[in-house]
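A.B. asks:
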Amino acid sequence: MEFTEITGPLSDPRAHGGDPSDAFHLVVPSIPGFGFSGPTRETGWEFRRVAAAFAELMRRLGYRRYGAQGGDWGSVISRELGRTHPDQTIGVHLNLLPGGAAAEEPDADRLATLSPGERERTLASWRRTQQWNRDSTGYADIQSTRPQTLAYGLTDSPVGQLAWITEKFKEWTDSRDRPEDAVDRDLLLTNVMLYWLTGTAGSSARIYYERAHADYWGTPPEPSAVPTALAVFPHENFVAVRHIAEQTDRIVQWSEFDRGGHFAAMEEPDLLVADIRTFFRKVRGTVSD
């Protein structure tokens, strides 16, 4: 559901006032455990396994080279797909970068080497991270430790499911007052309905548990050499900082916008589509198959 506003412009740009040469073949899978890819009935579906499954999906569909795009869990999975399958992935476009924000208090010596703008952004990133850790991790703590207990409540109550998801749209979007100020109400309700009708409250929450109990949990992101673009929206949960991002990722495009939040494909589809097109124009020439 998150991508319904951008699939048309990306797959058929001519019909939406764009250049036909920017058209994409789109494969938009749900993460195992989410929506129609669930509920899963076995453990172990952490993001590395999901990335491997998506790579196999693309192979079976006959795609030898492709690009990836994602936000939220899709950003983690897309980045991992590119990192582990660089020969197949021509580029990765993200609107959230794992490990791209200040995770600890910036060192004074390091700050002294930065430009004034980058220095202030790094400090702002650290303040946002502190605020997030203090006020906003409750949902993740529950899903990382007791997802099945939560599942009984959400699966039994449509109002509970609605509240659990709508809170995220209120807090994480660039909304003036209500979630529907940023995201169309029908689109939001349809998004919630998919979790409810498919009974995937528990299996979708479990990806947090699987990550928290994986042997790599707590370690820094492994470096990725695949060309990467980051679309930075001001109301994202974390403030991305370019010099931090470049420590682990090959950043070839960095775009900062003055509006939009965590659900960029639903909040600002036109901005996101334009940024995706710009990035893949740059890397499309590397495709030989």
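The numbering of the sequence shown is this note's numbering, which starts it at -19 and goes up by one.
A virtual CB, placed ideally from N, CA and C, is assigned to each residue, including glycine.
Quick caveat: nothing in here was measured; it's all calculated off a predicted structure.
Report all residues from its chain with a CB closer than 6 Å to the CB of Ser55; omit the five preceding and five following residues, and keep chain order.
C.D. replies: Excluding sequence neighbours, Ser55 sits near Leu74 and Leu76.
A.B. asks: Go ahead and label Phe16 buried or exposed: buried means 16 or more other beta carbons lie within 10 angstroms of its beta carbon, across all protein chains shown.
C.D. replies: exposed
A.B. asks: Rounding to the nearest angstrom, what Cα-Cα distance links Phe213 and Lys262 in this structure?
C.D. replies: 21 Å
A.B. asks: Would you check if the stretch 233 to 248 and the stretch 192 to 212 touch, i.e. whether three or more CB-CB distances between them fall below 8 Å?
C.D. replies: Yes, since at least three Cβ pairs between the stretch 192 to 212 and the stretch 233 to 248 fall closer than 8 Å, the two stretches touch.
A.B. asks: What residue does the alpha helix (DSSP H) around Ser105 start on, and which one ends it?
C.D. replies: Pro96 to Asp115
A.B. asks: For Gln123, which of Tyr188, Ala245, Ala220 and Arg(-6) has the nearest alpha-carbon?
C.D. replies: Tyr188
A.B. asks: Could you pull the DSSP bridge partners for Arg74 from this structure?
C.D. replies: The sequence shown places Leu at residue 74, rather than the Arg named in the question. DSSP lists Gly50 and Leu210 as partners of Leu74.
A.B. asks: Is it right to say Ser95 is buried, meaning 16 or more other beta carbons lie within 10 angstroms of its own, or is it exposed?
C.D. replies: exposed
A.B. asks: Pull up the distance between the alpha-carbon of Pro(-7) and that of Leu6, whole angstroms please.
C.D. replies: Between Pro(-7) and Leu6, the alpha-carbon positions lie close to 13 Å from each other.
A.B. asks: Where does Pro127 land, buried or exposed, given buried means 16+ other C-beta within 10 angstroms?
C.D. replies: buried
A.B. asks: For Ala143, tell me which candidate among Gly13, Ala181, Ser1 and Asp(-1) has the shortest Cα-Cα distance.
C.D. replies: Ranked by Cα distance from Ala143, the options Gly13, Ala181, Ser1 and Asp(-1) are led by Ala181.
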